[in-house]
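So the mapping is simple: my numbering equals the position in the sequence shown, first residue as 1, plus 439. Glycine is no exception: its CB is placed at the ideal position from the N, C-alpha and C atoms. Some notes on the structure that comes next.
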Amino acid sequence: MSEPGPRLRWQCRRGMRELDELLQGFLERGYAQLDESQRLAFERLLGTQDNLLLEYLMGRSVPKDSGTADVVAKIRHAAHS
440 MSEPGPRLRW QCRRGMRELD ELLQGFLERG YAQLDESQRL AFERLLGTQD NLLLEYLMGR
500 SVPKDSGTAD VVAKIRHAAH S
């Protein structure tokens, strides 16, 4: 599988420490294991506003889209591994 490109790396830089650590850490440790549909869901997730994205990644809210919710679960799991 291909490595994340510079655009994706840039999108993971949010300017909020918690989000930066979670997203950039996942990009380094978990992104390579995603299949194509999960990668698309990850890209959709990166289009989410920071406050809602933080709610998802802290487990306070769940995305309505099941593919995105699956990726959020993978990010959360990777953060606790």
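Determine, using beta carbons only, whether residue i and residue j come nearer to each other than 8 Å.
| i | j | result |
| --- | --- | --- |
| A518 | L461 | yes |
| V510 | A480 | yes |
| G498 | R483 | no |
| R452 | D459 | yes |
| E457 | L493 | yes |
Which first and last residues belong to the alpha helix (DSSP H) in which residue i is found?
| i | result |
| --- | --- |
| S500 | No alpha helix (DSSP H) holds S500; DSSP gives it neither H nor E. |
| G464 | R456 to R468 |
| L473 | Per DSSP, L473 belongs to no alpha helix (DSSP H) and is neither H nor E. |
Measure the beta-carbon distance from residue i to residue j and round it to whole angstroms, keeping in mind my assumption that it falls under 8 Å.
| i | j | result |
| --- | --- | --- |
| Q522 | L485 | Residue 522 falls outside the range modelled here, since the chain spans only 440 to 520, and no answer is possible. |
| M455 | D489 | 6 Å |
| S476 | G506 | 6 Å |
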